[in-house]
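Notes to accompany the following structure.
There are 2 protein chains.
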Amino acid sequence: MAVNPQLFKGSLNTIILNLLHEKGKMYGYEITKKVLEISNSQFQLTEGALYPALHKMETDGLLEVSVKLVDNRPRKYYSITKKGKKESVLKLKELLQFISQMQSFLQLKQAGL
Amino acid sequence: MAVNPQLFKGSLNTIILNLLHEKGKMYGYEITKKVLEISNSQFQLTEGALYPALHKMETDGLLEVSVKLVDNRPRKYYSITKKGKKESVLKLKELLQFISQMQSFLQLKQAGL
DNA sequence: CTACTATACCTAAGATAATTATGTATATTT
DNA sequence: AAATATACATAATTATCTTAGGTATAGTAG
Numbered sequence: 005m006a007v008n009p010q011l012f013k014g015s016l017n018t019i020i021l022n023l024l025h026e027k028g029k030m031y032g033y034e035i036t037k038k039v040l041e042i043s044n045s046q047f048q049l050t051e052g053a054l055y056p057a058l059h060k061m062e063t064d065g066l067l068e069v070s071v072k073l074v075d076n077r078p079r080k081y082y083s084i085t086k087k088g089k090k091e092s093v094l095k096l097k098e099l100l101q102f103i104s105q106m107q108s109f110l111q112l113k114q115a116g117l
Numbered sequence: 005m006a007v008n009p010q011l012f013k014g015s016l017n018t019i020i021l022n023l024l025h026e027k028g029k030m031y032g033y034e035i036t037k038k039v040l041e042i043s044n045s046q047f048q049l050t051e052g053a054l055y056p057a058l059h060k061m062e063t064d065g066l067l068e069v070s071v072k073l074v075d076n077r078p079r080k081y082y083s084i085t086k087k088g089k090k091e092s093v094l095k096l097k098e099l100l101q102f103i104s105q106m107q108s109f110l111q112l113k114q115a116g117l
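Protein sequence lines, in the order shown, are assigned to chains F and L. Under the working numbering, the first residue of the first sequence carries the number 5, and numbering increases by one thereafter. Under the working numbering, the first residue of the second sequence carries the number 5, and numbering increases by one thereafter.
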């Protein structure tokens, strides 16, 4: 009973930013696994969606990268910048507003408006 | 303090279907005004988004149309089909799941996971 | 009586963002 | 030896929305 992935689309950056805000630093592959885990396998964040999103947020100055060599393979750790933290708080607010908005819409529906 | 319109994108059809499920029949212009009203002007559903969505749902058999002449102008009333009702219930479930999913994500965040 | 606003439909060009399908390469498990 | 997991990445396509425009009638404001 997976959640319609369409709904997550608008919240992708919000999820990533808040994860990084919380965890400090993570690398791409780790993020995909973590999101799968905390969503009980309901939100499969594909790499084709993730990597371009990470690159864009880096370009926008929300994230910064440090590369580390692990097992002879380079890993790109993303951490959140000051600007990114502001953005993550903002996006969290927006998400909460959206949720409350949709809930009141559904309540109106049940009230028979 | 308007809600980020990006978040509504994935819920456009859900909103339209549930409105029509509730109200019986509505026409396009009426839907834009109603959505603006019940969202306290926070979600401006543009016509460029609405009409293509209505046409697609009609093609998909979720909606059906009856044209009425009001003040010498044709109005296209959309009503929901049996198939559309099933879809609206499904989409409502998906939305509630998404909301609960995001809330548990935010709780995990506050718990410091 | 003219201009603006509201009503009511619509589409097309462009932007954005996701999916799907690949591609590369190493390490581990079967 | 083959398959899976790890770890990065991009390109083509598709979906969906914004922006901007178009048509037309009716009512209101100056």
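Think of the CB as a built atom: it goes at the ideal place given N, C-alpha and C, for glycine as much as any other residue. Treat the numbers as computed from the prediction; the structure is a model and nothing was measured.
Practice problem: If I'm right that L/LYS37 touches F/GLY14 with Cβ under 8 Å, what's the distance once you round it to whole angstroms? | Solution: Here residue 37 of chain L is taken as the residue at index 33 of the second sequence, counted from 1. Here residue 14 of chain F is taken as the residue at index 10 of the first sequence, counted from 1. About 24 Å; that fails the 8 Å criterion.
Practice problem: Leaving aside the five residues before and after F/LEU54 along the sequence, list all residues of the same chain whose C-beta is less than 7 Å from its C-beta, in chain order. | Solution: Numbered from 1 along the first sequence, position 50 holds the residue referred to as residue 54 of chain F. Around F/LEU54: GLY32, ILE35 and THR36.
Quiz prompt | F/PHE47 versus F/ASN8 - alpha carbon distance | solution = Locating residue 47 of chain F in the first sequence gives position 43, where the first residue counts as 1. Locating residue 8 of chain F in the first sequence gives position 4, where the first residue counts as 1. C-alpha separation (whole angstroms): 8 Å.
Exercise. Quick one: grab the DSSP three-state call for F/SER83.
Key: Within the first sequence, the letter at position 79 stands for residue 83 of chain F. Reduced to three states, the DSSP call for F/SER83 is strand.
Self-check item: Cβ neighbour criterion (16 or more within 10 Å) applied to L/GLU98
Solution: The residue given as residue 98 of chain L occupies position 94 in the second sequence. With 16 or more Cβ atoms within 10 Å of its Cβ, L/GLU98 is classed as buried.
Practice problem: For L/MET106, decide whether its Cβ has a neighbour in chain F, counting only Cβ atoms nearer than 8 Å. | Solution: For the purposes of this step, residue 106 of chain L is taken as the residue at position 102 of the second sequence. L/MET106 counts as touching chain F.
Self-check item: Contact set between L/GLY14 and chain F, taken where Cβ atoms lie within less than 8 Å
Solution: As a position in the second sequence, residue 14 of chain L is number 10, starting the count at 1. In chain order: ASN8, GLN10, LEU11, PHE12, LYS13 and GLY14.
Quiz item: Along the segment 81-95 of chain F, what residues have a CB closer than 7 Å to any CB found in chain L?
Solution: none
Exercise. Please determine if the segment 79-98 of chain L and the segment 75-91 of chain F are in contact, where contact requires at least 3 C-beta pairs separated by less than 8 Å.
Key: no
Quiz item: Which residues in chain F sit within 9 Å of L/ILE19, going by Cβ to Cβ distance?
Solution: Here residue 19 of chain L corresponds to residue number 15 of the second sequence, with the count starting at 1. In chain order: MET106 and PHE109.
Quiz prompt | Bridge-paired residues (DSSP) for L/MET30 | solution = On the second sequence, position 26 is the one that residue 30 of chain L refers to. L/TYR82, per the DSSP bridge assignment.
Quiz item: What's the gap between the Cα of L/GLN101 and the Cα of L/LYS72?
Solution: Residue numbering aside, residue 101 of chain L sits at position 97 when the second sequence is read from its first letter. Residue numbering aside, residue 72 of chain L sits at position 68 when the second sequence is read from its first letter. For L/GLN101 and L/LYS72, the distance between alpha carbons rounds to 38 Å.
Quiz item: Beta-carbon of F/SER70 versus every beta-carbon of chain L: anything under 8 Å?
Solution: Sequence index remark: in the first sequence, residue 70 of chain F carries index 66 (1-based). Chain L, which has no Cβ nearer than 8 Å to the Cβ of F/SER70, makes this no.
Quiz item: Roughly how many whole angstroms lie between the Cα atoms of F/SER43 and L/LEU24?
Solution: Counted from its first residue, the first sequence places residue 43 of chain F at position 39. Counted from its first residue, the second sequence places residue 24 of chain L at position 20. When rounded, the distance between both Cα atoms is 31 Å.
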